[in-house]
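Chains as they are written, first to last, in our numbering: chain R, 263 to 611; chain S, 263 to 611.
Number of protein chains: 2
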Amino acid sequence: MAISLDELQLAARNHGLPLETLRYDVTPVGLHYLLIHFDVPAVPDGWRLRVGGLVEEELSLSLEELRARPIVRRIVTMECAGNGRARLDPHVFSQPWLAEAVGTGEWGGVRVATLLEEAGVRDGAVEVLFTGFDRGVDGGIEQAYERSLTLEEALAGDALLAYELNGEPLPPQHGAPLRLVVPGWYGMTSVKWLDRITVLDRPFEGYQQTHAYRIRRDEEDEGEPLTRIRPRALMVPPGVPDFLTRQRFLPAGPCRLEGRAWSGLAPVAAVEMSADGGATWSAAELDPPPDRWAWSRWTFEWNAEPGEHELCCRARDGAGNEQPLEPEWNVGGYANNAVQRVPVTVRAG
Amino acid sequence: MAISLDELQLAARNHGLPLETLRYDVTPVGLHYLLIHFDVPAVPDGWRLRVGGLVEEELSLSLEELRARPIVRRIVTMECAGNGRARLDPHVFSQPWLAEAVGTGEWGGVRVATLLEEAGVRDGAVEVLFTGFDRGVDGGIEQAYERSLTLEEALAGDALLAYELNGEPLPPQHGAPLRLVVPGWYGMTSVKWLDRITVLDRPFEGYQQTHAYRIRRDEEDEGEPLTRIRPRALMVPPGVPDFLTRQRFLPAGPCRLEGRAWSGLAPVAAVEMSADGGATWSAAELDPPPDRWAWSRWTFEWNAEPGEHELCCRARDGAGNEQPLEPEWNVGGYANNAVQRVPVTVRAG
């Protein structure tokens, strides 16, 4: 594998969760993964959220006015749809994530449904479009970053308009002053730096909806849209790392392995560990998640014997979705939830 | 240029400052560059800072006891010594920074000199060693991350033991509960997650001091230690980016360019801009810095004409140090402060 200059430019700006910080129930600000398509925009002074389109009454709301409404706080695990992309063969050119594009935040704000009810959705509405202030060129088209949800998802779900992260004002890089957070969905849905919300009478056909973020077998395939997060377990790599290779070293003896597991499709039902590269598996202990769409902590007592080992973990959710042992390739390099593999060197005590 | 899997593992964990966020005087938490050699460590409950070695009286201080001392706050621009490494040819394998490994924080804490005076430095002391909780293998040697300062630098300088960043408790990734901050120096000096401070009667000869962080012409060269930050100017790339290539697009007409410039050797004396790849240069407007070792904002009024341009900026400090047009190679790939080059496409209005 080799990464190009273009990809390095993305990797140097955006960042994943250092995997040892899976130890925190809620990811501290600055450690949560970040994928910024274009630039962090300078949101204008006097910002107001506009809600328009197919509504009875257009809304224009300041942050103070939003804060005056009941606050809802949800602990949500968010993952980039491109997580695992850099492990695919043939290589897919884009943000080169290995496995670390995840984080869990306590997001606070107003339910999307609350504002839509205030505005009054008119007959004939089918989707709700969320448009950010971030602008750029993608696929040759200059655009604001924008994505839609079906009206049903926007009204019935847990979708939040968040102005808080971990009890503090939303930081610029996570979408201040206001962002969408759609629990259980891959991160592309959770539009940052919201400019406006528009109720539509037809499905949105913008680039980020109809071209990007689809599972396509080949360039001719129209594909299926990405929606909810596939199951994944990640472990805190045990022992200490080599600086350059990240190879792990630990002493022989009892070793408590720990990590997190999540799925946007159903609650996590089981996590299994393998210390022999996936040949044999044993059940890990699984804690209940702190919230419906937050990750679950898991632990596994391993007796580390001297030598080289490849540690693997995998999650299965309550709907029977399980992580594959090998990556499943697609054009955009999305949703590769193949099991994590952590080579470790155990030294005699 | 191609980046290896090992380097990508580093680039996916660590991150630079997205250059558009040079717009902030003080970098918001989560945007400041991060270089974590090993792992973010789990600092033990009941942590206390130990001050020992060649002192009259050993100290053991809780965070509360440190907070009870007078707080000093300094706005400091910090840069990784490896910034610019990925632009070097031949390629140097390590954390692959392009130009973004910088940030400015308002650090708050206790002066190093204050604690050394309390402990009472004994005759024969020559250096002060700062040891972190972060452990790993580097150059084949398992070690805690540690670096020394000369006694003179530790006593006379602005070196801080910081427990605050931007008015908030220090975040885990920046060294909580306590880190060293040495204004004007490259970041490797500012040891994070401090475990202990030891006054030494001889120069420290650990790996991070005598092997790493030296400017060496070749493997046989003992080299010169890296200390203070060489001058650099960076601009906010104008216009909007292409997602994948980061190529910039902007409309023709007047365009205010802005950026920041800094040097740890002397105050910045001048910033110059070139819109033709460095063939001709014009002076930018330079603001005074908000603090002695903080970056200065600069602006430049550019009349963007349609076509392709390569924008460059360069800084010169009061001691006459100026950025080179071409990188200067060394074994570790350190301190490459060659001018930034930003290709832009200007479209007719």
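Note that the Cβ used here is the ideal one computed from N, Cα and C, for glycine as well. Being a predicted model, the structure only gives us computed values, none of them experimental.
Bridge-paired residues (DSSP) for residue i
| i | result |
| --- | --- |
| R/I477 | R/E486 |
| R/I333 | BP columns for R/I333 are empty, so no partner. |
| R/Q405 | R/G398 |
| R/N565 | R/P516 |
| S/W560 | S/G521, S/L548 |
| S/G205 | Outside the modelled stretch of chain S, which goes from 263 to 611, sits residue 205 of chain S, for which no answer is possible. |
| S/G365 | S/M340 |
| R/D538 | R/E572 |
| R/F392 | R/R409, R/I459 |
| R/V593 | DSSP, once it has assigned bridges, lists no residue as partnering R/V593. |
Sequence-distant residues of the same chain with beta carbon closer than 7 Å to residue i, five excluded per side
| i | result |
| --- | --- |
| R/L281 | E362, L496, V498, P499 |
| S/V606 | P500, G501, R510, L512, H571, L573 |
| S/Y407 | H299, F300, G394, D396, V453, Q470 |
| R/W557 | T339, T366, R522, A523, W524, P551 |
| R/W359 | G278, C342, G344, N345, G346, R347, A348 |
| R/W447 | T489, R490, I491, G526 |
| R/E326 | none |
| R/L587 | G540, A600, V601 |
| S/E319 | A381, G382 |
| S/N276 | L296, L297, I298, Q357 |
| S/G569 | V608 |
Length of the line joining the Cα atoms of residue i and residue j
| i | j | result |
| --- | --- | --- |
| R/L519 | R/K454 | 35 Å |
| S/T460 | R/I459 | 58 Å |
| R/T289 | S/A514 | 43 Å |
| S/E415 | R/T283 | 34 Å |
| R/L423 | R/P306 | 18 Å |
| R/G386 | R/E380 | 17 Å |
| S/V383 | S/A274 | 42 Å |
| R/V399 | R/W591 | 25 Å |
| R/V354 | R/G595 | 6 Å |
| R/E430 | R/A304 | 20 Å |
| S/I265 | S/Q357 | 10 Å |
| R/A421 | R/A343 | 18 Å |
| R/V317 | R/W309 | 21 Å |
| R/E567 | R/M535 | 16 Å |
| S/T208 | S/E486 | There is simply no residue 208 of chain S to check, as chain S begins at 263 and stops at 611 in what is shown. |
| R/G449 | R/G419 | 16 Å |
| S/P352 | R/F505 | 21 Å |
| S/E467 | R/L297 | 40 Å |
| S/L427 | S/L321 | 24 Å |
| S/E563 | R/L293 | 37 Å |
| R/T507 | R/D457 | 43 Å |
| S/W555 | S/R312 | 28 Å |
| S/P437 | S/V374 | The identity of residue 437 of chain S in the sequence shown is Gly, whereas the question assumes Pro. S/G437 and S/V374: Cα-Cα distance of roughly 16 Å. |
| R/T451 | S/N565 | 38 Å |
| R/M263 | S/L267 | 6 Å |
| R/P465 | R/R409 | 10 Å |
| R/D483 | R/Y475 | 13 Å |
Cβ shell of residue i (< 6 Å), same chain only, five flanking positions each side left out
| i | result |
| --- | --- |
| R/A528 | D579, G580, A581 |
| S/V593 | R478 |
| S/L328 | V372 |
| S/D549 | S558, R559 |
| R/V530 | A523, S558, A577, D579 |
| R/E269 | P358 |
| R/I337 | E368, P552, D553, A556 |
The ligand FAD heavy atom lying under 7 Å from the CB of residue i
| i | result |
| --- | --- |
| R/L440 | This structure does not include the ligand FAD; it has no bound ligands of any sort. |
Nearest-angstrom Cβ-Cβ length linking residue i and residue j, presumed shorter than 8 Å
| i | j | result |
| --- | --- | --- |
| R/G278 | R/Y295 | 5 Å |
| R/V302 | R/Q405 | Not really, about 17 Å apart at Cβ, beyond 8 Å. |
| S/R335 | S/G370 | 4 Å |
| R/V533 | R/A546 | 4 Å |
| S/N598 | S/P589 | 5 Å |
| S/P445 | S/Y425 | Contact flag wrong, Cβ pair sits at about 16 Å. |
| R/L417 | R/L378 | 6 Å |
| S/E389 | S/L462 | 4 Å |
Sequence-distant residues of the same chain with beta carbon closer than 8 Å to residue i, five excluded per side
| i | result |
| --- | --- |
| R/D538 | H571, E572 |
| R/E473 | Note on identity: in this sequence residue 473 of chain R is His, with Glu being the wrong assignment. Contacts found: G401. |
| S/Q585 | R492, P493, R494, A495, R576, A577, R578, N599, A600, V601 |
| S/L272 | S356, Q357, P358 |
| S/G611 | P513, A514, G515 |
| S/L432 | A424, Y425, E426, A438, P439, L440, R441 |
Subject >> In chain order, each beta strand (DSSP E) run of at least 3 residues that lies wholly inside the segment 304-360 of chain S >> reply: The segment 304-360 of chain S contains these whole beta strand (DSSP E) runs: 311-315, 321-323, 334-341.
**OP:** Compile a chain-ordered list of the residues in the segment 361-382 of chain R whose CB is closer than 7 Å to at least one CB of chain B.
**Re:** Reference to chain B is not applicable here, since the protein chains of this structure are R and S.
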